[in-house]
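Residue numbering for the sequence shown follows the working numbering, starting at 12 and increasing by one per position. For reference, the structure is listed below as structure tokens.
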Amino acid sequence: MFDLNQFLLKDKVALVTGGGRGIGQGIAYGFAKAGAKVAITSRKEKDLEATACAMDEVGCETMVVPAHLGRLDEIQRVVDAVVQKFGRIDILVNNAGASPAMASVLDSDERLWDTIMNLNLKAVYFMSQACAKIMKNQGGGKIINVASIDGVNPEPFVSVYSTSKAGVRQITRAFAMELVRDNIMVNTILPGPISTKMMNSHWVHLPPEEAARQKEELCKHLPTCRIGEPDEIAGAAIYLASDASSYTTGAEIIIDGGLLLGAHL
């Protein structure tokens, strides 16, 4: 029989990368409200501490691990620190990522490619690998990769970013296929336009009137007629992290306000 308690994460240990702000912060806080113990990591310690304080207020046992996940030694250091404190890792959310720098396919250079791929693809693969080894030994776990609808339909001038997010989708399938017999479920969330510091960086340098015009133009392409909020990603993450998703692996959940449908409406 179905039981709503399946959605609770009581006593589960979650590691959320990029957990200091934006989508990662929303997911981390959602996990805290669902009863999990939550470790968050990113390069920005100040953001991590602020998020941890908010989670402490709801009674969550938290851990902050500042790190640069583009380096394999840093990935292993984070995993080791979480296991040392909590004894296990039940849930991994690969959310950390580099911003989509604007450049045409003719102007994108090796530095841009390496910067984005290092964090958006390499870090996802090797953080998943490190945590999967822990999960296998403890009898299972959940890995949730945050990609983007740009990995489905690339936008102009963000080809490297879009390629990296398409790669995240493929990492999800590869890990899901190989790890399902170890009771490790691997799934992807594909957000569309979400109101985060990363997204707002597109407009911060524009005159207020132009920024407002561009936001309004974007909303015209959204069937929901608005940009989403980080909290609206957290619900899907809680489902994928919980026992309610025990038969779900290799799946993709698109949360984009209907943007991918827009051309057909």
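Ideal Cβ positions, reconstructed from N, Cα and C, are used throughout, including at glycine.
Among residues of its own chain, excluding the 5 on either side of residue i, which ones have a beta-carbon nearer than 8 Å to its beta-carbon?
i, result
"threonine 207", "Arg32, Gly33, Ile34, Pro241"
"alanine 247", "Ile200, Ile264, Ile266"
"leucine 272", "Pro234"
Give a yes or no on whether the C-beta atoms belonging to residue i and residue j are separated by under 7 Å.
i, j, result
"alanine 143", "glutamine 87", "no"
"leucine 20", "alanine 45", "yes"
"leucine 52", "asparagine 106", "Before going further, note that residue 52 is threonine rather than leucine in the sequence given. For threonine 52 and asparagine 106, no; Cβs fall outside 7 Å."
"lysine 153", "aspartate 193", "no"
"alanine 252", "isoleucine 102", "yes"
"phenylalanine 18", "alanine 255", "yes"
"alanine 78", "valine 69", "no"
"alanine 187", "glycine 261", "yes"
"valine 135", "isoleucine 182", "yes"
"isoleucine 195", "glycine 151", "yes"
"valine 171", "tryptophan 124", "yes"
"glycine 239", "glycine 269", "no"
Quick one: what's got a C-beta closer than 6 Å to residue i's C-beta in the same chain, skipping five residues either side?
i, result
"glutamate 72", "Lys48"
"histidine 275", "The pLDDT assigned to histidine 275 is 48, lower than 50, so where the model puts this residue is not dependable, and the model offers no usable value."
"valine 104", "Val27, Ile38, Ile155"
"methionine 74", "Ala50, Lys96"
"valine 24", "Lys48, Phe97, Arg99, Ile100, Asp101"
Quick one: residues in its chain with C-beta nearer than 7 Å to the C-beta of residue i, no 5 flanking neighbours on either side, listed in chain order?
i, result
"alanine 109", "Thr126, Ile127, Leu130, Asn131"
"glycine 37", "Pro241, Asp242, Ile244, Ala245"
"alanine 92", "Val76"
"serine 173", "Asp161, Gly162, Pro165, Glu166"
"leucine 83", "Phe137"
Tell me where the alpha helix (DSSP H) around residue i begins and ends.
i, result
"leucine 123", "121-128"
"alanine 112", "That residue, alanine 112, is in no alpha helix (DSSP H); it is neither H nor E in DSSP."
"leucine 272", "Careful: leucine 272 lies outside any alpha helix (DSSP H) and carries neither H nor E."
"glycine 246", "242-252"
What are the boundary residues of the beta strand (DSSP E) that residue i is part of?
i, result
"glutamate 263", "263-266"
"leucine 103", "102-105"
Going by the C-beta, is residue i closer than 6 Å to any heavy atom of the ligand HEM?
i, result
"phenylalanine 97", "Ligands displayed in this structure: none; no statement on the ligand HEM is therefore possible."
Can you list the beta strand (DSSP E) stretches of 3 or more residues lying completely in the region 143-213, in chain order? Segments of the beta strand (DSSP E) lying fully in the region 143-213: 152-157, 195-202.
Is the number of C-beta pairs between the region 194-208 and the region 158-165 that are closer than 8 Å three or more? With a cut-off of 8 Å, the region 158-165 and the region 194-208 count as touching, because enough Cβ pairs lie within range.
Can you list, in chain order, the stretches of the alpha helix (DSSP H) that have 4 or more residues and sit fully within the region 15-86? Secondary structure in the region 15-86: the alpha helix (DSSP H) runs of 4 residues or longer, each lying completely within the stretch, are 33-44, 56-67 in chain order.
With a threshold of 8 Å, are at least 3 pairs of Cβ atoms found where one atom belongs to the region 115-126 and the other to the region 59-70? The region 115-126 makes no contact with the region 59-70; the number of CB pairs closer than 8 Å stays below 3.
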